[in-house]
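Just so you know, the working numbering puts 63 at position 63 of the sequence shown, and the rest follows in order with no gaps.
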Amino acid sequence: MADQTTTAERRSRAGFDLAPPSPEQFRALAANLNDEERRVLLEHGTERPFCGVFNEAKEKGTYCCRMCGLPLFKSGTKFESGTGWPSFFDPIDRSHIAFVRDTSYGMIRTEIRCARCQGHLGHVFPDGPPPTGERYCMNSVSMRFVAEGDPLPDELGRGAPEGEVAG
């Protein structure tokens, strides 16, 4: 059983357990990915613009990490950026996102990863709308959508619903 002190210290302000998956859990999560999801999430690839299933999505709900289920964005923070990728201006909790300097392809950018499983999500740019001025440019295959009112995923078995401390 996990040390409760460690788990409590690794919770985000939104109440989610940010401790990484165990090696066995990581292998199981990775085994559930298709080839494109694996290429993007694990190998830091990028899907082609204007092809992602969430680029034009308008439903209300929550966008979660495709791999581990950590909630990333609410649909109310999604906006049309014209870039061909789903874009958001504010995460549910900044501690759910890991920010990594990316110097690939002769550019300096900020890569964003899931803070819990380290899956590649996309990049963040300083050209988004108010109030944050940020544009989280996401790969659709890096996310799963949970409709408003449906339970959030609990891929790591950390309590249903994930994010609530068991009483």
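Where is the CB? At the ideal position from N, CA and C, for every residue including glycine.
Helix, strand or coil at D209 [DSSP, three-state]: Residue 209 is absent from the structure shown; the chain starts at 1 and stops at 167.
Alpha-carbon to alpha-carbon, P91 and R10: The residue labelled residue 10 in the question sits at position 10 within the sequence shown. The residue labelled residue 91 in the question sits at position 91 within the sequence shown. Whole-angstrom Cα-Cα distance: 18 angstroms.
Candidates G133, W85, P130, P131, of which the one nearest L121 by Cα: Counting from one through the sequence shown, the residue named residue 121 turns up at place 121. It is W85.
Contact the stretch 126-136 vs the stretch 34-49: 3+ CB pairs below 8 angstroms: no
Helix, strand or coil at P21 [DSSP, three-state]: Counting from 1 along the sequence shown, the entry for residue 21 is found at position 21. If DSSP states are grouped into helix, strand and coil, P21 belongs with coil.
Under 7 angstroms between C-beta atoms of L70 and Y63: Translated into positions along the sequence shown, residue 70 becomes position 70. Translated into positions along the sequence shown, residue 63 becomes position 63. Cβ atoms of L70 and Y63: not closer than 7 angstroms.
Residues near V141 by beta carbon distance below 6 angstroms, same chain, minus five either side: In the sequence shown, residue 141 corresponds to position 141, counting from 1. Answer for V141: E36, E37, V40, E47, listed in chain order.
Exposed unless 16 or more other CB atoms sit within 10 angstroms - verdict on E188: The requested residue 188 does not occur in the structure, where the chain is confined to residues 1 to 167.
Secondary structure, beta strand (DSSP E): runs of 3+ residues fully inside the stretch 93-135: 97-102, 109-114, 120-125
Residue burial classification, C137 (beta-carbon count within 10 angstroms, cutoff 16): By 1-based counting over the sequence shown, the position of residue 137 is 137. Burial call: buried.
Spatially closest choice to P21 from M143, D154, C117, by CA coordinates: The residue given as residue 21 occupies position 21 in the sequence shown. P21 has its Cα closest to that of C117, out of M143, D154, C117.
Beta-carbon spacing of T132, F79 below 7 angstroms: Position 132 of the sequence shown, counting from 1, holds the residue named residue 132. Position 79 of the sequence shown, counting from 1, holds the residue named residue 79. No, the Cβ-Cβ distance between T132 and F79 is not below 7 angstroms.
Between the CA atoms of E59 and G149 - distance to the nearest angstrom: As a working mapping, residue 149 is identified with position 149 in the sequence shown. As a working mapping, residue 59 is identified with position 59 in the sequence shown. Approximately 12 angstroms, taken between the alpha carbons.
Range of the contiguous beta strand (DSSP E) that encloses C68: Working through the sequence shown from its first residue, we reach residue 68 at position 68. Counting along the chain, C68 falls outside any beta strand (DSSP E), and DSSP gives it neither H nor E.
Backbone secondary structure at D3 - three-state DSSP: Residue 3 sits at position 3 when you count from the first residue of the sequence shown. Model confidence at D3 stands at a pLDDT of 38, short of 50, so the residue's coordinates are unreliable; what they give is reported in the following sentence. If DSSP states are grouped into helix, strand and coil, D3 belongs with coil.
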